[in-house]
Amino acid sequence: MVLPLTLLQTSQNHPMLVELKNGETYNGHLVTCDNWMNINLREVICTSRDGDRFWRMSQCYIRGSTIKYLRIPDEVIDMVKEDIQRNKQKSQAVRGRGAPRGGRGGRGGRGTRGGRGGRGKSDGHHAD
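To convert, note that position 59 of the sequence shown is 59 in full-length UniProt numbering; the numbers rise steadily by one, no gaps.
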(Lines of atoms letter the chains of each structure in order from A and count residues from 1; the text may use other names and numbers.)
(Lines give C-alpha, C1' and ligand atoms only; values in the text may rest on other atoms or scores of the structure.)
Protein backbone atom coordinates (compact mmCIF):
# COMPACT_ATOMS: atom_id res chain seq x y z
CA MET A 1 0.00 0.00 0.00
CA VAL A 2 1.36 3.41 -0.96
CA LEU A 3 0.55 6.19 1.49
CA PRO A 4 -0.14 9.63 -0.03
CA LEU A 5 2.35 11.44 2.18
CA THR A 6 5.11 8.96 1.30
CA LEU A 7 4.33 9.48 -2.36
CA LEU A 8 4.44 13.24 -1.94
CA GLN A 9 7.75 13.19 -0.06
CA THR A 10 9.32 11.00 -2.74
CA SER A 11 8.11 13.49 -5.37
CA GLN A 12 10.44 16.23 -4.14
CA ASN A 13 12.42 17.80 -7.00
CA HIS A 14 10.09 16.18 -9.56
CA PRO A 15 7.50 17.97 -11.71
CA MET A 16 3.84 17.74 -10.73
CA LEU A 17 0.46 19.18 -11.52
CA VAL A 18 -1.73 20.43 -8.68
CA GLU A 19 -5.41 21.18 -9.18
CA LEU A 20 -7.11 23.21 -6.49
CA LYS A 21 -10.73 22.94 -5.36
CA ASN A 22 -11.41 26.32 -7.03
CA GLY A 23 -10.31 24.93 -10.43
CA GLU A 24 -6.91 26.63 -10.76
CA THR A 25 -3.99 24.41 -11.75
CA TYR A 26 -0.32 24.75 -10.87
CA ASN A 27 2.49 23.04 -12.79
CA GLY A 28 5.89 23.07 -11.14
CA HIS A 29 8.62 21.16 -9.32
CA LEU A 30 7.93 20.14 -5.73
CA VAL A 31 10.38 21.71 -3.30
CA THR A 32 8.95 20.72 0.10
CA CYS A 33 5.84 19.30 1.71
CA ASP A 34 4.70 18.84 5.30
CA ASN A 35 2.37 16.48 7.18
CA TRP A 36 -0.68 18.56 6.22
CA MET A 37 0.27 18.33 2.53
CA ASN A 38 1.09 22.03 2.35
CA ILE A 39 3.51 22.26 -0.56
CA ASN A 40 6.08 24.62 -2.04
CA LEU A 41 6.58 24.58 -5.80
CA ARG A 42 9.27 26.22 -7.94
CA GLU A 43 9.26 27.21 -11.63
CA VAL A 44 5.46 27.36 -11.54
CA ILE A 45 2.93 28.00 -14.27
CA CYS A 46 -0.53 28.76 -12.89
CA THR A 47 -3.60 28.37 -15.11
CA SER A 48 -6.93 30.02 -14.31
CA ARG A 49 -9.97 27.82 -13.77
CA ASP A 50 -11.36 28.68 -17.22
CA GLY A 51 -7.97 27.99 -18.87
CA ASP A 52 -7.76 31.45 -20.47
CA ARG A 53 -5.08 33.06 -18.30
CA PHE A 54 -1.59 31.92 -17.33
CA TRP A 55 0.91 33.19 -14.77
CA ARG A 56 4.56 32.31 -14.38
CA MET A 57 5.99 32.33 -10.86
CA SER A 58 9.43 31.47 -9.56
CA GLN A 59 7.85 29.80 -6.51
CA CYS A 60 4.54 29.43 -4.70
CA TYR A 61 3.05 27.96 -1.53
CA ILE A 62 -0.17 25.92 -1.65
CA ARG A 63 -2.16 25.08 1.46
CA GLY A 64 -2.92 21.35 1.60
CA SER A 65 -6.62 21.78 2.42
CA THR A 66 -7.19 23.62 -0.90
CA ILE A 67 -5.81 20.79 -3.05
CA LYS A 68 -8.28 18.73 -5.08
CA TYR A 69 -5.74 16.36 -6.65
CA LEU A 70 -2.09 15.94 -7.56
CA ARG A 71 -0.71 14.42 -10.73
CA ILE A 72 2.69 12.85 -10.16
CA PRO A 73 4.93 11.22 -12.81
CA ASP A 74 4.75 7.42 -13.08
CA GLU A 75 8.49 7.18 -12.41
CA VAL A 76 7.93 8.56 -8.89
CA ILE A 77 5.18 6.03 -8.21
CA ASP A 78 7.53 3.26 -9.37
CA MET A 79 10.27 4.59 -7.07
CA VAL A 80 7.91 4.43 -4.07
CA LYS A 81 6.85 0.88 -4.92
CA GLU A 82 10.50 -0.20 -5.18
CA ASP A 83 11.29 1.42 -1.81
CA ILE A 84 8.36 -0.40 -0.18
CA GLN A 85 9.53 -3.70 -1.65
CA ARG A 86 13.10 -3.13 -0.39
CA ASN A 87 11.85 -2.25 3.10
CA LYS A 88 9.71 -5.41 3.21
CA GLN A 89 12.71 -7.53 2.29
CA LYS A 90 14.84 -5.85 4.96
CA SER A 91 12.20 -6.36 7.66
CA GLN A 92 11.75 -10.03 6.69
CA ALA A 93 15.51 -10.58 6.90
CA VAL A 94 15.59 -9.16 10.44
CA ARG A 95 12.75 -11.33 11.78
CA GLY A 96 13.34 -14.60 13.58
CA ARG A 97 16.46 -13.62 15.49
CA GLY A 98 15.66 -14.60 19.05
CA ALA A 99 12.96 -13.81 21.54
CA PRO A 100 11.15 -10.48 21.59
CA ARG A 101 12.68 -7.87 23.80
CA GLY A 102 11.08 -5.73 26.44
CA GLY A 103 10.00 -6.50 29.95
CA ARG A 104 6.21 -6.26 29.86
CA GLY A 105 5.18 -9.56 28.37
CA GLY A 106 3.93 -10.23 24.89
CA ARG A 107 0.70 -8.26 24.94
CA GLY A 108 1.56 -5.22 26.98
CA GLY A 109 0.79 -6.90 30.29
CA ARG A 110 2.59 -6.23 33.52
CA GLY A 111 5.17 -9.01 33.48
CA THR A 112 4.62 -12.53 34.82
CA ARG A 113 3.00 -11.73 38.17
CA GLY A 114 -0.24 -10.16 37.01
CA GLY A 115 -1.69 -6.75 37.57
CA ARG A 116 -1.46 -4.17 40.31
CA GLY A 117 -3.50 -6.11 42.77
CA GLY A 118 -7.13 -5.66 43.44
CA ARG A 119 -9.45 -5.35 46.38
CA GLY A 120 -7.80 -8.12 48.38
CA LYS A 121 -10.63 -10.68 48.26
CA SER A 122 -9.06 -13.22 45.92
CA ASP A 123 -8.53 -16.25 48.21
CA GLY A 124 -9.62 -15.17 51.66
CA HIS A 125 -6.07 -14.83 52.99
CA HIS A 126 -4.55 -11.55 53.81
CA ALA A 127 -1.32 -10.55 55.41
CA ASP A 128 -1.30 -8.55 58.64
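Heads up, the beta-carbon is just placed ideally off N, CA and C, and yes, glycines get one too.
No experiment lies behind these values; they were computed from the predicted model shown.
{"query": "Given a cut-off of 8 Å on the beta-carbon distance, is the pair residue 44 and residue 27 in contact?", "result": "yes"}
{"query": "Please report how far the alpha carbon of residue 8 lies from the alpha carbon of residue 33, in whole angstroms.", "result": "7 Å"}
{"query": "Which whole-angstrom value describes the C-beta separation of residue 38 and residue 62, a residue pair presumed to lie in contact below a C-beta threshold of 8 Å?", "result": "7 Å"}
{"query": "In whole angstroms, what separates the C-alpha of residue 90 from that of residue 80?", "result": "15 Å"}
{"query": "Skipping 5 residues on each side, what residues in its chain have a beta carbon closer than 7 Å to that of residue 49?", "result": "22, 23 and 24"}
{"query": "Are there 16 or more other CB atoms within 10 angstroms of the CB of residue 41, so buried, or fewer, so exposed?", "result": "buried"}
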